[in-house]
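Participant:
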Amino acid sequence: MTETEALVQLTGVHKLYGETVGLDGVDLTIMPGESVAVMGPSGSGKSTLLNIVAGLDRPTSGTVRVHGEDLTVLSEGALARYRRRRIGMVFQFFHLLDDLPVLDNVMLSARLIGTPYKQARTRAMGLLEELDIAERKDAYPQQLSGGERQRVGVARALMNRPALLLADEPTGALDSRSGEQVIDLLLDLNQIGQTLLIVTHDQRLAERCASRVVQFEDGRVAQMEAV
Amino acid sequence: MASLASVWAVARAALRRRRGQTAMIGVIVTLCTTTMLVGLALLAAVSGPFDRTFNQLSGAHSTMTFDGQKVTQQQVSATAQAQGVAASAGPFPVAVIPLETTDGRGFGGAMRVVGRTDPAGPVDQLRLLYGRWPTGPHEMALSAFYRFGPDPSRTIGMQFSIPNVGAVTVVGIAYSITRTADVWMLPDAVRQIGRNGYEMLYRFDSGSVGTADQMTSHMAAVTGSLPADAVTATNSYLAIRERAGQGARTISTFLTVFAALSLIVAILVISNVVSGAVIAGYRSIGVLKAVGFTPGQVTVVYLMMMIGPTVVGTAAGAVLGNLASQWMLGQFENNYVLGLDTAPTPWLHAVAVGAMLILVALTALTPALRAGRQSAAAALSARIAQTGRGRTVQRRLSRSSLPRSVSLGLALPVVRPARSVLTLIAIVLGSVTVVFATGLLTSAQRWNDALTRLAYAQVRVINPPPGGPTRFIGEDRRQAQGTVMTDPQVEAFLRGLPGAQHVTVAQQLNSAIAGTSEPVELQALRGDSSTLGYPILSGRWFSGAGEAVVASDILHMTGKKVGDPLTLYLINQSLTVTVVGEVFSDEQSVMVDAATIPAGDPGARDEMYQYFVGLAPGVTAKEFIDRVADGGNAGLLASTADDDGIDMLELSIVISSLTILLVLVSALGVAHTVVLNARERRRDLAITKAVGMTPGQAVIMAVTSMAALGLIGGALGLPGGVAAQQYIIRLIGKSEDTGLPLTVINVYNAADLSVLFLCGLVIAVLGALLPARRAARISTAEALHTE
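Those sequence lines, one after another, are chains E and R.
Per this note's numbering, the first sequence starts with residue 1, numbered consecutively.
Per this note's numbering, the second sequence starts with residue 1001, numbered consecutively.
1. For residue 1131 of chain R, does the three-state DSSP call read helix, strand or coil?
2. Taking only three categories from DSSP, how would you classify residue 1547 of chain R?
3. Is the stretch 1760–1772 of chain R touching the stretch 1711–1728 of chain R, taking contact as three or more C-beta pairs under 8 Å?
4. Would you kindly work out how many angstroms separate the C-alpha atoms of residue 1751 of chain R and residue 1585 of chain R, rounded to a whole number?
5. Can you name, in chain order, every residue of its own chain whose Cβ lies under 7 Å from the Cβ of residue 194 of chain E, other than the five neighbours on each side?
6. Checking 8 Å against the spacing of the C-beta atoms, do residue 1066 of chain R and residue 1232 of chain R come in under that value?
7. Buried or exposed for residue 1491 of chain R, please, with buried defined as at least 16 other CB atoms from any protein chain shown within 10 angstroms of its CB.
8. If you count every other CB in all the chains shown that lies within 10 Å of the CB of residue 118 of chain E, and 16 or more means buried, which is it?
9. How would you list, in chain order, the residues of chain E whose beta-carbon sits under 9 Å from the beta-carbon of residue 1752 of chain R?
10. When we look at the beta-carbon of residue 1563 of chain R and count the other beta-carbons within 10 Å, is it buried (16 or more) or exposed?
11. Is any beta-carbon of chain R found at less than 8 Å from that of residue 77 of chain E?
12. Could you confirm whether any beta carbon from chain E is found closer than 8 Å to the beta carbon of residue 1385 of chain R?
13. Return helix, strand or coil for residue 1556 of chain R, following the three-state DSSP convention.
14. Give the C-beta separation of residue 1319 of chain R and residue 1064 of chain R to the nearest angstrom, bearing in mind that I take them to be a contact with Cβ-Cβ under 8 Å.
15. Mind checking the stretch 1387–1416 of chain R against chain E and listing, in chain order, the residues whose C-beta falls within less than 9 Å of any C-beta there?
16. Would you call the CB atoms of residue 1621 of chain R and residue 1458 of chain R closer than 8 Å?
17. DSSP state of residue 1777 of chain R, grouped into three classes?
18. If I'm right that residue 197 of chain E touches residue 90 of chain E with Cβ under 8 Å, what's the distance once you round it to whole angstroms?
19. To the nearest angstrom, report how far apart residue 1698 of chain R and residue 1767 of chain R are at their CA atoms.
20. Out of curiosity, what's the CA-to-CA distance linking residue 81 of chain E and residue 1721 of chain R?
21. Please name the residues in the stretch 1688–1710 of chain R whose beta-carbon is closer than 8 Å to at least one beta-carbon of chain E, in chain order.
22. Hey, is residue 1781 of chain R's beta-carbon within less than 8 Å of any beta-carbon in chain E?
23. Indicate whether residue 24 of chain E and residue 11 of chain E have their beta-carbon atoms separated by less than 8 Å.
24. Going along the chain, which residues of the stretch 101–134 of chain E sit with their C-beta nearer than 8 Å to a C-beta in chain R?
25. Taking the DSSP output, what are the residues bridged to residue 1144 of chain R?
26. Check whether the stretch 42–52 of chain E and the stretch 138–157 of chain E are in contact - that is, three or more C-beta pairs closer than 8 Å.
27. With DSSP collapsed to three states, give me the class of residue 15 of chain E.
28. Tell me, please, whether the CB atom of residue 1449 of chain R is closer than 8 Å to any CB atom in chain E?
29. At the level of alpha carbons, what is the spacing between residue 1451 of chain R and residue 1740 of chain R?
30. Would you mind telling me which residues of chain R sit closer than 7 Å to residue 51 of chain E, beta carbon to beta carbon, in chain order?
31. Could you confirm whether any beta carbon from chain R is found closer than 8 Å to the beta carbon of residue 20 of chain E?
32. So the beta strand (DSSP E) residue 1575 of chain R belongs to, where does it begin and stop?
33. In whole angstroms, what separates the C-alpha of residue 36 of chain E from that of residue 66 of chain E?
34. Going straight from the alpha carbon of residue 1472 of chain R to that of residue 1460 of chain R, what length do you get?
35. Rounded to whole angstroms, how far is the Cβ of residue 1596 of chain R from the Cβ of residue 1551 of chain R, which I believe are closer than 8 Å?
Following this line, the structure appears as structure tokens:
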């Protein structure tokens, strides 16, 4: 892939859940280094879009190419490998494993691809230090504040140096102060070249982090504007 | 009513929503009920089988035969009025004849032919196992104790030559618990044979038939008014019960172990499954309470969720268990040691079904009541409450060099220790069963080999007396034509045939030993007798005249041991030999060097010599038999040596079936644990998949979680199974009143143990694989969304 090629390319993507339309002919292109915020009311198709780009769900029709790979033809195993190599995900409710300490949570995706413990630990500690949470490495998720948990989530998402970082309502479960911290963090990441696709209701987040805002309505792209 | 309707509606909806879990509980309850019913049926079958069948068939306490020349039929009939006689049947005409097939094959010895018009009656009701009762003079029913090959029904249609009657066809196979006849024909046909006596069957007052003295007293009362020599034979049910009991004890010993294992595994697995399923529903319990269900209603909902599949499962299990136990016990039917009624009685069905329903209700009730007492908030946060266990283990494993999917899997059992322990015990019992069954079958095979000694002497040759019937029936039988050779000539002839490696000449003599009531077979051996392959339990093989090697059971009966003198009573003289060896044999025999026996003793049975030939490697028994028949010119009969031992096929079928059933239940217990773990950890699985765990890694994680238990279970089950096998085989030896060769007891070698060690792992992986694959297919997006 060259610099001028799209990192994410959705063409005519439809997603049906029985009779219900999730996505209705979505075309979307994201270039490397871009930060795109997807906004819209509940049920407009934002999360469905994110799940399809993450390889967690498959479109009913259309093509989805990420980093040159057509996700629609990949097997479940190949999609898993795609997720751990190409993307990182940040969730609204953090989705950390409660029985693992912070450090192990962060290292998980690296260890799953066979990275040796020491190497993974070094990388994870580096990320935790950058995110200013290294001193909580031995804590368990339940012992952390919401903001801390989300920073751990971000660290885990960045562990395998993903080309694309997907964030699903990353500030949705945080108080405003913690939300601000996460927004700063995402902004910093984008400024150093990390491509972002953020699904959010948070206008502040979109305005501060996104270079482009895509409005969704009834499973379609209703509006697209540069910030 | 409205509240009951809502409870019912919620329970029904929950059953529908959890179709997978409901189906699994149903299947497990079905198999557990099957296992429990089979276990109970086995226990019932092996507890007093003779007495049960004896009473069912109104067996004869005493069977007496009277000389028709000494007493009249009326005199015999009158004995039914003797004091103590509760019921009687007869007199039936009886004749004792040699029985030969129309093509000249003989059963050997005398057979009792009894005339009865039908198999019913107040005493000794006969059970027709195959075919029908004779309706004409040329038809007969043969006793079920005589078999030709593995399928007794094939005997039907065989024709026998009966003196003064002619050809008589077997039309039925009948079973008499007290063995009152070898053959039944219509009374007129038996009278036609001639030289008749009378057979009378008696049942005495039930309170006075427990001892030999009581029986003697009854028999004296019956015969008191008759001439002293009128009775030609008497038979007490006590002796028959003792013989039947010996066989039953052997089988019941290991069947009891299987029955006990079945019951424990069934109870254990069902407890684990039901309590786990209720605990897994805690969050839903919280939701129900939050919308206004009372604790009692919540408890009822969850009990109904369990009882629904349980009712269906127990009904199916009762049907399957009924069929399975009938089939398994039917495998032993031909041994006639377990009685004939192989179907579990209705009350056994009731016990199995009732016990299963109560077990499910009790195991479900405790966690459901606990949930009912919890606040809605606590129930809703059940997932969070259960976290925190085994973190040290998880942390250590995460630092290991194991693949992460493996280390995550290994840590799973510590999160639910109680569930893991119950699953582990199920695996241990499954492993014990496999190890025990494998050892038992190997022991049985070696027991068989030790008895038949087919590895040592493959061909038996008989030099029959001219003209007379022989006792001989064997496989691949061929008889040479020609003139009779003398014994030394036969030996020299056999030694000269290609393929003969060892030849042992045996002459059988009737003898008795002080201290035993049964006759002892004295075998005078000549030639290569030490190569006959009798397993020596102690001492050595004889090395010359005056020394004897004795079957273990005879030494046990007489209290003799190696080094003791033993006096044998022949027809006209006694003979004292020194016991130099104890051998494993079921023949109640004493073996001596032929030079020990004084020449010309009239006790030599049939004046017949047998020659046991051990073949050179590469020569088959059939080839050698052909050489004897083709080159003998001596009227010699050659056949394969006896292979009458344990029926390995029946034993293998029953033991394998029981083992498969138990392993299946154990594996299902494992499967359900994986299902519950996957349900509880759905969110964690979705997270790990979201960060890149492949479906294959998810399967490995789930399978590894049980594989660890499997390895531990295998390690614990191995010594348990070996100990059970050793204990049971010694117990069987004790019930047979014989010492056992070490090869029969110690059957496991290092290679066997290495493989058997893995059976716990196999059970765990077998149980975990399918639910693990199913769990790995969960929709990550959906799981994360719903969490």
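Each residue gets a CB set at the ideal place from its N, CA and C atoms; glycine is no exception.
The structure displayed is predicted, hence computed values, not measured ones.
Facilitator: Looking at the coordinates:
1. Along the second sequence, read from residue 1 onward, the residue named residue 1131 of chain R stands at position 131. Of the three classes helix, strand and coil, the one that applies to residue 1131 of chain R here is strand, per DSSP.
2. Indexing the second sequence from 1 puts residue 1547 of chain R at position 547. Three-state DSSP puts residue 1547 of chain R in a strand.
3. yes
4. Taking the second sequence and counting its residues from 1, the one referred to as residue 1751 of chain R is at position 751. Taking the second sequence and counting its residues from 1, the one referred to as residue 1585 of chain R is at position 585. Their backbone Cα atoms lie some 29 Å apart in a straight line.
5. As a first step, residue 194 of chain E must be located in the first sequence, where it is residue number 194. These residues qualify, in order along the chain: 165.
6. Here residue 1066 of chain R refers to the residue found at position 66 when the second sequence is read from its first residue. Here residue 1232 of chain R refers to the residue found at position 232 when the second sequence is read from its first residue. A contact, by the Cβ cut-off of 8 Å.
7. The residue you call residue 1491 of chain R lines up with position 491 of the second sequence. Flag for residue 1491 of chain R reads buried.
8. As a first step, residue 118 of chain E is located in the first sequence; it is residue number 118 there, counting from the start. Residue 118 of chain E should be labelled exposed.
9. Residue mapping note: residue 1752 of chain R aligns to position 752 of the second sequence, counting from 1. Those within 9 Å of residue 1752 of chain R in chain E number zero; the least Cβ separation is about 37 Å.
10. The count along the second sequence starts at 1 and reaches residue 1563 of chain R at position 563. Answer is exposed; the Cβ neighbour count stays below 16.
11. Locating residue 77 of chain E in the first sequence gives position 77, where the first residue counts as 1. Yes, because at least one Cβ of chain R sits closer than 8 Å to the Cβ of residue 77 of chain E.
12. The residue given as residue 1385 of chain R occupies position 385 in the second sequence. With a pLDDT of 42 at residue 1385 of chain R, under the threshold of 50, the modelled position of this residue cannot be trusted; read the value that follows with caution. No, no contact with chain E.
13. In the second sequence, counting from the first residue as 1, residue 1556 of chain R sits at position 556. If DSSP states are grouped into helix, strand and coil, residue 1556 of chain R belongs with the helices.
14. Residue 1319 of chain R sits at position 319 when you count from the first residue of the second sequence. Residue 1064 of chain R sits at position 64 when you count from the first residue of the second sequence. Actually they do not touch by this definition, with Cβ atoms about 46 Å apart.
15. 1387, 1388, 1389, 1390, 1391, 1394, 1395, 1398, 1399, 1400, 1401, 1403, 1404, 1405, 1407, 1408, 1411 and 1415
16. Residue mapping note: residue 1621 of chain R aligns to position 621 of the second sequence, counting from 1. Residue mapping note: residue 1458 of chain R aligns to position 458 of the second sequence, counting from 1. Contact flag set, yes.
17. Translated into positions along the second sequence, residue 1777 of chain R becomes position 777. In the structure shown, residue 1777 of chain R sits in coil (DSSP, three-state: anything other than H, G, I, E or B).
18. As a working mapping, residue 197 of chain E is identified with position 197 in the first sequence. As a working mapping, residue 90 of chain E is identified with position 90 in the first sequence. Their Cβ separation, rounded to whole angstroms, is 11 Å, which puts residue 197 of chain E and residue 90 of chain E out of contact at 8 Å.
19. Position 698 of the second sequence, counting from 1, holds the residue named residue 1698 of chain R. Position 767 of the second sequence, counting from 1, holds the residue named residue 1767 of chain R. Cα-Cα distance, rounded: 16 Å.
20. As a position in the first sequence, residue 81 of chain E is number 81, starting the count at 1. As a position in the second sequence, residue 1721 of chain R is number 721, starting the count at 1. Straight-line Cα distance between these residues: approximately 45 Å.
21. 1688, 1689, 1690, 1691, 1692, 1693, 1694, 1695, 1696 and 1697
22. Position 781 of the second sequence, counting from 1, holds the residue named residue 1781 of chain R. Residue 1781 of chain R counts as touching chain E.
23. Taking the first residue of the first sequence as 1, we reach residue 24 of chain E at position 24. Taking the first residue of the first sequence as 1, we reach residue 11 of chain E at position 11. It is not a contact, given that the beta carbons lie outside the stated cut-off.
24. 101, 104, 107, 108, 109, 111, 112, 113, 114, 116 and 117
25. Counted from its first residue, the second sequence places residue 1144 of chain R at position 144. According to DSSP, which records beta bridges pairwise, residue 1144 of chain R is partnered with nothing at all.
26. no
27. In the first sequence, the residue the question calls residue 15 of chain E occupies position 15. Residue state, collapsed to three classes: strand.
28. Translated into the one-based positions of the second sequence, residue 1449 of chain R becomes position 449. Closer than 8 Å: no.
29. Indexing the second sequence from 1 puts residue 1451 of chain R at position 451. Indexing the second sequence from 1 puts residue 1740 of chain R at position 740. So the two alpha carbons sit approximately 11 Å from each other.
30. Locating residue 51 of chain E in the first sequence gives position 51, counting from the first residue. 1781, listed in chain order.
31. Residue mapping note: residue 20 of chain E aligns to position 20 of the first sequence, counting from 1. Answer no: the Cβ-Cβ gap between residue 20 of chain E and chain R never drops below 8 Å.
32. To locate residue 1575 of chain R, count along the second sequence from 1; it is residue 575. 1574–1583 is the extent of the beta strand (DSSP E) around residue 1575 of chain R.
33. By one-based count along the first sequence, residue 36 of chain E stands at place 36. By one-based count along the first sequence, residue 66 of chain E stands at place 66. About 15 Å.
34. The residue labelled residue 1472 of chain R in the question sits at position 472 within the second sequence. The residue labelled residue 1460 of chain R in the question sits at position 460 within the second sequence. Note that residue 1472 of chain R has pLDDT 40, beneath the 50 cutoff, so the model's placement of it is unreliable and the number below is only indicative. Going from the Cα of residue 1472 of chain R to the Cα of residue 1460 of chain R covers about 10 Å.
35. Reading the second sequence from its first residue, position 596 is the one you call residue 1596 of chain R. Reading the second sequence from its first residue, position 551 is the one you call residue 1551 of chain R. Incorrect: roughly 17 Å between the Cβ atoms, too far for contact.
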